[in-house]
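All remarks here apply to the structure that follows.
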Ligand SMILES: [Fe+2]
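Numbering (the numbering used here), first residue to last: 105 to 323.
Here it is in structure tokens:
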């Protein structure tokens, strides 16, 4: 008796792979791989690439790996630039309405008894994300925005509260609605205001209130 062989067809391709994965020993990992496989198969059905186009995609991914090392992480850049890093952040940081949302991580200061703190720095400017690698080359070719709006990074922790890792953005930045990392949210916009008389060489000031969520008790 010969085993029934199910031939791969356009519509069953992902199912065939998923079934093989499900038979394995690590169901959670297999589930993740199957989800990615399903999305990629769906994209391939939609794009209908030629073999040459598919090889070009694999060559691009190979390049992304080749330029990555301990100091440069092109994969992280790709994830950042396609909104995936921020999506993972969204999924993992479900906070009550009104609290300060997280964005990606970037000096430590202590607040006083009222929770106020202040410090002096230069007024931040926007900057271009690294565009000399395969990710910048591809997205530049597609006219994708590559300039981040001006922002300050904050990491705020307090006992009994969820740590906030976030960025505060300069509302007046001309690229405020084109952040390639998609990290800008209305709650994170702030205004730099001219300091009257520029006392002590301080020309601009910025006030911002961070709202922290109470840490969830382990149930
Ligand atoms: Fe930054």
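Ideal placement from N, C-alpha and C gives every residue a C-beta, glycine not left out. No experiment lies behind these values; they were computed from the predicted model shown.
Which residue wins for smallest C-alpha separation from residue i, given the options the options?
i, options, result
"residue 261", "171, 319, 149 and 275", "319"
"residue 237", "148, 176 and 119", "176"
"residue 164", "243, 128, 127 and 141", "243"
"residue 296", "239, 229, 251 and 186", "229"
"residue 309", "137, 225 and 258", "225"
"residue 190", "311, 128 and 269", "269"
"residue 298", "280, 313, 314 and 276", "276"
"residue 249", "185, 174, 315 and 166", "185"
"residue 312", "149, 241, 274 and 148", "274"
"residue 220", "114, 110, 315 and 113", "315"
"residue 317", "264, 281, 127 and 187", "264"
At a threshold of 8 Å, does residue i count as lining ligand 1 (C-beta to nearest heavy atom)?
i, result
"residue 251", "no"
"residue 177", "no"
"residue 271", "yes"
"residue 257", "yes"
Output the distance between the C-alpha atoms of residue i and residue j, rounded to the nearest integer angstrom.
i, j, result
"residue 143", "residue 206", "27 Å"
"residue 108", "residue 183", "41 Å"
"residue 284", "residue 271", "14 Å"
"residue 289", "residue 214", "26 Å"
"residue 305", "residue 294", "21 Å"
"residue 132", "residue 125", "10 Å"
"residue 171", "residue 162", "15 Å"
"residue 210", "residue 286", "Because the pLDDT of residue 210 is 48, which lies under 50, any placement of that residue in the model is unreliable, and the question is left without a value."
"residue 139", "residue 292", "33 Å"
"residue 307", "residue 266", "33 Å"
"residue 234", "residue 169", "15 Å"
"residue 255", "residue 204", "15 Å"
"residue 118", "residue 197", "31 Å"
"residue 167", "residue 300", "52 Å"
"residue 148", "residue 252", "31 Å"
"residue 232", "residue 278", "13 Å"
"residue 122", "residue 158", "22 Å"
"residue 188", "residue 246", "18 Å"
"residue 239", "residue 179", "9 Å"
"residue 257", "residue 216", "20 Å"
"residue 345", "residue 280", "Missing from the structure shown is residue 345; the chain here goes from 105 to 323 and no further."
Is it right to say residue i is buried, meaning 16 or more other beta carbons lie within 10 angstroms of its own, or is it exposed?
i, result
"residue 259", "exposed"
"residue 181", "buried"
"residue 129", "exposed"
"residue 192", "exposed"
"residue 150", "exposed"
"residue 241", "exposed"
"residue 114", "exposed"
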